[in-house]
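Peer 1: Protein chains in written order, with the UniProt record's numbering: chain A, 1 to 336; chain B, 1 to 336. For glycine and all other residues, C-beta sits at the position ideal for the given N, C-alpha and C. To start, I am sharing the structure in question, which I have written as structure tokens.
2 protein chains.
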Amino acid sequence: MQTPTIRDVAARAGVSVATVSRVLSEHPSTSAASRQKVLSAAADLGFRPNAQARSLRRTRTNTIGVLVSDVRNPFFAEIAHTVEQTALSHEMATLLCNADESTEQQDHCLDLLVSQRVDGMIVTPQGDGSGSLREVLSLGLPVVFVDRTIDGVEVPSVTSDNRTGIVEAVQHLAGLGHRRIGYVAGPQVTSTGRERLAAYREAVADAGLDTDPGLVFEGDFRSASGVAGARALLALPDPPTAVLAADSLMTFGVLLECRDRGLRIGADLSVIGYDDIESFGLVSPPLTVIAHDPSRMGALAVDMIRDLLAGEPVTSAVLTSSLVLRGSTGPAGGTR
Amino acid sequence: MQTPTIRDVAARAGVSVATVSRVLSEHPSTSAASRQKVLSAAADLGFRPNAQARSLRRTRTNTIGVLVSDVRNPFFAEIAHTVEQTALSHEMATLLCNADESTEQQDHCLDLLVSQRVDGMIVTPQGDGSGSLREVLSLGLPVVFVDRTIDGVEVPSVTSDNRTGIVEAVQHLAGLGHRRIGYVAGPQVTSTGRERLAAYREAVADAGLDTDPGLVFEGDFRSASGVAGARALLALPDPPTAVLAADSLMTFGVLLECRDRGLRIGADLSVIGYDDIESFGLVSPPLTVIAHDPSRMGALAVDMIRDLLAGEPVTSAVLTSSLVLRGSTGPAGGTR
DNA sequence: CTGAAAGCGCTTACAG
DNA sequence: CTGAAAGCGCTTACAG
């Protein structure tokens with residue numbers, strides 16, 4: 001037998017489908033008697049409401065689309081997890097898509113989410129706001145950007161302050177006597193990549209440190225580019241005494257390269273990472289990092305989507321980032 | 001204006017909705033002329049098919065539910081990522097849920113997935129197969145278990161051989177002269193936890209090593225229990241000279257504790273981890289691990305769901321696990 | 001409080 | 001090849 005429908009429940013309870021619907025969706029206008037009959041009939045039959053049918057009728061799916069660059073990145077995994085849990089607590093489902101740092105795949109995902117008629121989307125955007133993203137926005141679908149934004153695209157967002165942490169990191173290193181600080185930058189097609197690099201440049205200049213452009217290596221937010229960045233920087237005629245990376249995966253790559261070269265972190269090379277990822281705890285000494293809060297970002301993004309759906313005004317949020325001092329930095333030229 | 005429907009397209013193209021539907025779903029019986037008119041009308045209007053309506057009518061959603069214990073666990077993130085990408089390549093969406101290692105939450109997620117009428121589910125199950133899981137199965141919904149299984153529940157699954165890797169690891173350590181091998185076990189309410197522990201016990205006995213039950217600490221697949229396990233084992237009057245952990249997060253915990261105690265891995269304590277997680281590369285020397293293939297598991301699981309949907313027979317798959325020798329083990333009592 | 005009826009946006013036999 | 005019509009499983013004004 002097929003999954004029972006509301007009709008089957010109505011028949012068994014001896015009431016109309018309208019009454020069944022009202023009882024099941026907790027509409028106030030129902031008598032205790034029918035409530036009773038319906039509930040027990042539904043239980044007997046093992047009735048499972050069909051969300052598809054309900055959505056079609058209500059023109060609302062109770063589903064939110066989540067588009068991240070890659071769940072395998074711990075930072076985004078944390079966001080995805082929190083979004084899912086928060087949504088679940090409001091009886092909403094989440095449709096997860098990975099853009100894999102590809103604009104083409106991002107478009108594909110957006111199309112899918114639109115077809116699924118998600119009520120809103122939480123996205124870590126990339127690219128210039130053309131393609132499917134533009135279409136989605138013109139549809140008036142509630143969208144919240146998380147972590148990243150797109151210039152010229154007016155969408156509520158929850159991001160981190162990409163400046164303070166970097167500035168604190170540079171000042172801290174300057175205080176330790178470092179004059180040449182290597183920087184593994186994020187891709188300049190992302191807002192986070194751009195803002196963090198700008199902050200680095202500004203802080204380096206303000207502190208009167210070496211502004212040699214060779215100290216900046218542009219990576220792509222993947223670990224391999226962290227490795228490549230570390231190699232390039234350490235191969236300079238006058239290599240940096242400290243290295244800063246613009247996200248967790250690239251930090252990871254830098255650390256891998258240090259391990260391969262047998263460099264003692266904090267002594268041979270000072271390293272400051274980005275994102276307070278649990279696995280950085282494996283490094284010895286513990287890594288000094290620029291921390292922000294992906295979990296809070298995810299939770300806030302869901303709140304914002306819910307506000308948008310409720311027609312309430314929302315304002316973008318910028319969370320703080322800050323330097324968490326641990327043991328991976330030391331005086332310049334320590335034991336070299 | 002609302003999102004255009006098939007009616008709007010029909011009106012603009014000057015054909016019936018039936019024809020529009022046929023063209024859009026690539027039904028063979030359509031003339032080139034109407035195809036042309038429909039396609040351009042759809043494009044003009046920016047028509048987006050409503051997956052909800054289609055699903056209701058077709059009684060098929062083209063969506064597959066994915067229930068993992070926790071996406072923040074790199075092992076499951078990898079599975080989730082592959083499942084999503086593979087599904088996407090077949091134009092299917094994935095609904096992701098995290099059970100957070102809680103049977104209650106697992107039930108909640110299953111209910112949600114049923115209501116969403118996913119075509120099938122890929123789940124990393126836990127518990128005894130009662131509750132919502134039993135209901136779901138009695139519904140006849142295609143389900144594939146991944147990584148874990150449940151005793152007495154007949155569901156096609158793709159798992160790893162939980163025995164070989166462990167046996168190889170124990171033999172390897174025995175060959176290095178270790179007599180007392182500590183084991184941080186997974187929760188015994190999971191099939192993987194049970195099978196791996198059984199393999200450890202068998203291998204230890206076969207190699208004639210110390211079978212002291214105190215050498216086994218039962219963790220819960222979270223990093224904190226790896227820390228606790230390492231502490232408990234190292235606090236024994238006669239502590240083990242090598243430690244093996246039953247999953248990535250607990251391995252992680254063991255490594256954290258080693259770092260905190262300043263133990264030199266491979267010299268002061270031999271360590272073998274489970275899962276070939278990228279972040280284990282941060283450890284020095286590189287970690288010897290028992291590796292299996294989450295990505296392949298995810299891809300296979302999708303194939304199996306598709307076969308089930310197509311009414312084809314499927315057989316469970318057991319992938320291999322094996323020891324990957326790197327540098328984290330050394331002779332027993334090395335430099336103690 | 002309750003029921004009959006219309007309709008959400010599609011698909012698909014059934015005729016032609 | 002094409003159209004009219006029924007129907008997927010719900011919800012919700014509209015009467016009563």
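For the stretch 214 to 297 of chain A, list the beta strand (DSSP E) runs that are entirely contained and at least 3 residues long, ordered along the chain.
Peer 2: Complete beta strand (DSSP E) runs here, min 3: 216 to 218, 242 to 245, 270 to 274 and 288 to 291.
Peer 1: Return the residues of the stretch 232 to 257 of chain A that lie within a Cβ-Cβ distance of less than 8 Å from chain B, sorted by chain order.
Peer 2: Here the close residues are F252, L255 and L256.
Peer 1: Take S321/B and list the residues in its own chain whose beta-carbon comes closer than 6 Å to its own, dropping the five residues that flank it on each side.
Peer 2: Cβ within range, chain order: S160, D161, T164, G165, I290 and H292.
Peer 1: Using beta carbons (cut-off 8 Å, strictly below), is T124/B in contact with chain A?
Peer 2: Chain A contact via Cβ: absent.
Peer 1: Measuring only between beta-carbons, confirm whether R326/A sits less than 8 Å from chain B.
Peer 2: Not an interface residue.
Peer 1: Could you tell me whether the Cβ atoms of G120/A and L309/A are closer together than 8 Å?
Peer 2: Yes, these two residues count as a Cβ contact at 8 Å.
Peer 1: Measure the alpha-carbon distance for V66/B versus I6/A and round it to whole angstroms.
Peer 2: For V66/B and I6/A, the distance between alpha carbons rounds to 27 Å.
Peer 1: Can you give the beta carbon distance from N62/A to S248/A, rounded, assuming they're within the 8 Å contact cut?
Peer 2: That pair is no contact at about 32 Å.
Peer 1: Rounded to a whole number of angstroms, what is the C-alpha to C-alpha distance between T335/A and V302/B?
Peer 2: At T335/A, the pLDDT of 45 sits below 50, so the modelled position is not reliable; the number obtained from the coordinates is stated separately. Using only the alpha carbons, I get a separation of about 53 Å.
Peer 1: Is the shortest distance between the beta-carbon of H81/A and the beta-carbons of chain B less than 8 Å?
Peer 2: Yes - at least one Cβ of chain B is within 8 Å of the one on H81/A.
Peer 1: I want to verify the contact list: residues of chain A whose CB lies under 7 Å from the CB of V283/B, in sequence order.
Peer 2: The answer, in chain order, is L282.
Peer 1: Please list, in chain order, all residues of the same chain as E78/B whose beta carbon is under 8 Å from its beta carbon, the five residues on each side excluded.
Peer 2: P294, S295 and G298, listed in sequence order.
Peer 1: Should E168/B go down as buried or exposed, given a rule of 16 or more other Cβ atoms within 10 Å for buried?
Peer 2: Buried, because 16 or more other Cβ atoms sit within 10 Å of the Cβ of E168/B.
Peer 1: State whether the stretch 86 to 103 of chain A contacts the stretch 13 to 21 of chain B, with contact taken as three or more CB pairs (one from each stretch) at a distance under 8 Å.
Peer 2: No, the stretch 86 to 103 of chain A is not in contact with the stretch 13 to 21 of chain B.
Peer 1: Give the straight-line distance between the Cα atoms of M1/B and L39/A, rounded to the nearest whole angstrom.
Peer 2: Bear in mind that a pLDDT of 49 at M1/B, under 50, signals an unreliable position, so the model cannot answer this.
Peer 1: So, is the C-beta of R7/B closer than 8 Å to a C-beta in chain A?
Peer 2: It does not: the Cβ of R7/B has no partner Cβ on chain A nearer than 8 Å.
Peer 1: For the structure I just gave you, are there three or more beta carbon pairs, one from the stretch 238 to 248 of chain A and one from the stretch 167 to 182 of chain A, closer than 8 Å?
Peer 2: Segments in contact, yes.
Peer 1: With 8 Å as the limit, tell me which residues of the stretch 43 to 59 of chain B have their beta carbon closer than that to any beta carbon of chain A; keep them in chain order.
Peer 2: Answer set for the stretch 43 to 59 of chain B: G46, R48, P49, N50, A51, Q52, A53, S55 and L56.
Peer 1: DSSP three-state call for M304/B: helix, strand or coil?
Peer 2: In the structure shown, M304/B sits in a helix (DSSP, three-state: H, G or I).
Peer 1: Extract the residue ranges of the alpha helix (DSSP H) inside the stretch 97 to 131 of chain A, only unbroken runs of 4 or more that lie entirely within it.
Peer 2: Entirely contained in the stretch 97 to 131 of chain A, the alpha helix (DSSP H) runs reaching 4 residues are, in chain order, 103 to 115.
Peer 1: G175/A: which of V155/A, A203/A and Q188/A sits nearest, CA to CA?
Peer 2: That would be A203/A, whose Cα lies nearest to the Cα of G175/A.
Peer 1: Using a Cβ cut-off of 8 Å (strictly closer), state whether R179/A contacts chain B.
Peer 2: Chain B contact via Cβ: absent.
Peer 1: Using a beta-carbon distance below 8 Å, is E104/B in contact with chain A?
Peer 2: It does not; no Cβ of chain A falls within 8 Å.
Peer 1: Within the continuous beta strand (DSSP E) that includes A185/B, where are the two ends?
Peer 2: Residues I181 to A185.
Peer 1: Looking at the strands, I want to know which residues DSSP matches up with S157/A.
Peer 2: According to DSSP, S157/A bridges with F145/A.
Peer 1: For the beta strand (DSSP E) containing V66/A, name the first residue and the last one.
Peer 2: Residues T63 to V68.
Peer 1: Taking A77/B as the query, report the chain A residues whose CB atoms sit under 7 Å from its CB, ordered along the chain.
Peer 2: Going along chain A in sequence order, the residues near A77/B (Cβ under 7 Å) are V71, R72 and A77.
Peer 1: Just the Cα atoms here: how many angstroms apart are V155/A and D147/A?
Peer 2: Using only the alpha carbons, I get a separation of about 12 Å.
Peer 1: Would you grab the beta carbon distance between G214/B and G253/B for me? Rounded to a whole angstrom, and I think it's under 8 Å.
Peer 2: Between G253/B and G214/B the Cβ distance is about 19 Å, and since that is not below 8 Å, they are no contact.
Peer 1: Which class does T329/A belong to by DSSP, given the choice of helix, strand or coil?
Peer 2: Residue state, collapsed to three classes: coil.
Peer 1: Classify residue 340/A: buried if its beta carbon has 16 or more other beta carbons within 10 angstroms, exposed otherwise.
Peer 2: No answer is possible for residue 340/A: it lies beyond the span of chain A, which begins at 1 and ends at 336.
Peer 1: Just to confirm, is the Cβ distance from S223/A to E278/B under 8 Å?
Peer 2: Yes, they are a contact pair.
Peer 1: Could you please give me the residues that DSSP links to residue 345/A through a beta bridge?
Peer 2: The requested residue 345/A is not part of the displayed model; chain A covers only 1 to 336.
Peer 1: Anything in chain B within Cβ reach of E278/A, meaning under 8 Å, just list it in chain order.
Peer 2: In chain order: S223 and F252.
Peer 1: Round the Cβ separation of H172/A and T329/A to the nearest angstrom and send it over; I've been treating them as touching at under 8 Å.
Peer 2: Correct: roughly 7 Å between the Cβ atoms.
Peer 1: Buried or exposed: which applies to T190/B, given that a residue is buried once 16 or more other Cβ atoms fall within 10 Å of its Cβ?
Peer 2: T190/B is buried by the Cβ-count criterion.
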